[in-house]
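Trainee: One structure is given below, represented as structure tokens, and several questions about it will come after.
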Amino acid sequence: MNIEAMKRILDKIKEYDRIIIFRHKRPDGDAVGSTKGLREILRLTYPKKEILLLNSDYSDYVSFLGDEDAPVDDEYYATALGIVIDTATSDRISNPKYALCREVVRIDHHIDNNPYTEISWVEEHKSSACEMIAEFYYAFRDELKINKEAATYIYTGMVTDSGRFRFRSVSGDTMR
Ligand SMILES: [Mn+2]
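In this note's numbering, the protein residues as written are 1 to 176.
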């Protein structure tokens with residue numbers, strides 16, 4: 001748990017009316033689950049903010065999790081906060097237009113060799129980015145809202161990235 005980094009990211013989320021969420025190319029259950037899970041939590045909590053998930057590719061085998069958002073004009077990015085999840089290096093980001101965002105923050109469980117954002121919350125021992133989104137929700141559960149849809153997205157990534165809770169990175173916290 002890195003409550004300071006989490007708080008900085010929550011403060012940035014509060015500061016912006018427009019938030020765009022990104023993930024890595026050729027997404028897996030964790031990339032799609034964490035980004036859609038966070039989008040749902042933020043839409044429920046802040047109905048007046050615009051929260052979009054804008055990526056350039058998709059993977060058929062995670063299509064059961066539903067569609068992402070339709071492309072927008074480039075100007076749209078300029079006033080947005082970008083949140084990149086589950087992506088270790090900037091060249092792995094699915095949508096290169098992330099760079100047009102006014103500010104970009106990163107949430108990830110991959111080793112931070114080459115930080116590409118000023119604000120980041122990286123915990124490489126976590127079994128999934130979805131576990132981090134769940135932890136983010138729990139840390140601020142007095143302010144944030146969640147529903148079954150968001151929980152289902154988050155659970156999908158926790159199951160798939162942890163090899164059904166078998167990998168070493170799984171802890172008691174993962175289960176809780
Ligand atoms: Mn992952």
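Glycine residues also receive a C-beta, built at the ideal position from the N, C-alpha and C atoms.
Please find out if some non-hydrogen atom of ligand 1 comes closer than 7 Å to the beta-carbon of S169.
Mentor: As a position in the sequence shown, residue 169 is number 169, starting the count at 1. No, since every heavy atom of ligand 1 falls outside the 7 Å radius drawn around the Cβ of S169.
Trainee: Skipping 5 residues on each side, what residues in its chain have a beta carbon closer than 7 Å to that of D69?
Mentor: On the sequence shown, position 69 is the one that residue 69 refers to. Cβ neighbours of D69 beyond the five flanking positions: L52, L53, L54.
Trainee: Identify, in the order they occur along the chain, each residue of the same chain with its Cβ nearer than 6 Å to the Cβ of I111, setting aside the five sequence neighbours on each side.
Mentor: Counted from its first residue, the sequence shown places residue 111 at position 111. Around I111: E124.
Trainee: Is V159 helix, strand or coil when you go by DSSP?
Mentor: Within the sequence shown, the letter at position 159 stands for residue 159. Three-state result, V159: helix.
Trainee: Count the CB pairs spanning the stretch 91-108 and the stretch 152-166 that are closer than 8 Å, and state whether there are at least three.
Mentor: Output reads no: the stretch 152-166 does not touch the stretch 91-108.
Trainee: Give the straight-line distance between the Cα atoms of E15 and I83, rounded to the nearest whole angstrom.
Mentor: By 1-based counting over the sequence shown, the position of residue 15 is 15. By 1-based counting over the sequence shown, the position of residue 83 is 83. Rounded to whole angstroms, E15 to I83 spans 13 Å at the Cα level.
Trainee: Please state whether DSSP places F22 in a helix, a strand or coil.
Mentor: Within the sequence shown, residue 22 is the residue found at index 22, counting from 1. F22 falls in the strand class under three-state DSSP.
Trainee: For ligand 1, I want to know if A129 counts as a neighbour, meaning its beta carbon is within less than 7 Å of at least one of the ligand's heavy atoms.
Mentor: As a first step, residue 129 must be located in the sequence shown, where it is residue number 129. The answer is yes for A129.
Trainee: Give the secondary structure of V72 by DSSP, where H, G and I count as helix, E and B as strand, and everything else as coil.
Mentor: As a first step, residue 72 is located in the sequence shown; it is residue number 72 there, counting from the start. Three-state result, V72: coil.
Trainee: Select from D161, D108, S171, Y61 the residue whose C-alpha is nearest the C-alpha of I9.
Mentor: Residue mapping note: residue 9 aligns to position 9 of the sequence shown, counting from 1. When each option's Cα is compared against that of I9, the closest is D108.
Trainee: Give me the Cα-Cα distance between L81 and F22, rounded to the nearest whole angstrom.
Mentor: Your numbering for residue 81 matches position 81 in the sequence shown. Your numbering for residue 22 matches position 22 in the sequence shown. About 11 Å.
Trainee: Is it the case that the Cβ atoms of C130 and G66 are separated by a distance below 8 Å?
Mentor: For this step, residue 130 is matched to residue 130 along the sequence shown. For this step, residue 66 is matched to residue 66 along the sequence shown. Contact flag unset, no.
Trainee: In terms of residue numbering, what span does the beta strand (DSSP E) encompassing R106 cover?
Mentor: Locating residue 106 in the sequence shown gives position 106, where the first residue counts as 1. It spans 103-108 - the beta strand (DSSP E) in which R106 sits, taken as one unbroken run.
Trainee: Closer than 7 Å: is that where the CB of D86 sits relative to any heavy atom of ligand 1?
Mentor: Taking the sequence shown and counting its residues from 1, the one referred to as residue 86 is at position 86. Within the cutoff, so yes.
Trainee: Smallest Cα separation from D30: which of N147, S59, S171?
Mentor: Taking the first residue of the sequence shown as 1, we reach residue 30 at position 30. When only C-alpha atoms are compared, the closest one is S59.
Trainee: With distance defined between alpha-carbon atoms, name the residue in M6, I13, K97 nearest to H24.
Mentor: Translated into positions along the sequence shown, residue 24 becomes position 24. Residue K97 is the option with its Cα nearest to H24.
Trainee: Shortest alpha-carbon distance to T117 belongs to which of Y138, L144, I85?
Mentor: As a working note, residue 117 is residue 117 in the sequence shown. Ranking the options by Cα distance to T117, first place goes to I85.
Trainee: Who are the near neighbours of I119 in its chain, counting only those whose CB is closer than 7 Å to its CB and skipping five residues on each side?
Mentor: Taking the sequence shown and counting its residues from 1, the one referred to as residue 119 is at position 119. Closer than 7 Å at the Cβ level, and outside the excluded window around I119, lie R8, I9, K12, V105.
Trainee: What are the boundary residues of the alpha helix (DSSP H) that L38 is part of?
Mentor: By 1-based counting over the sequence shown, the position of residue 38 is 38. Run containing L38: 29-45, per the alpha helix (DSSP H) assignment.
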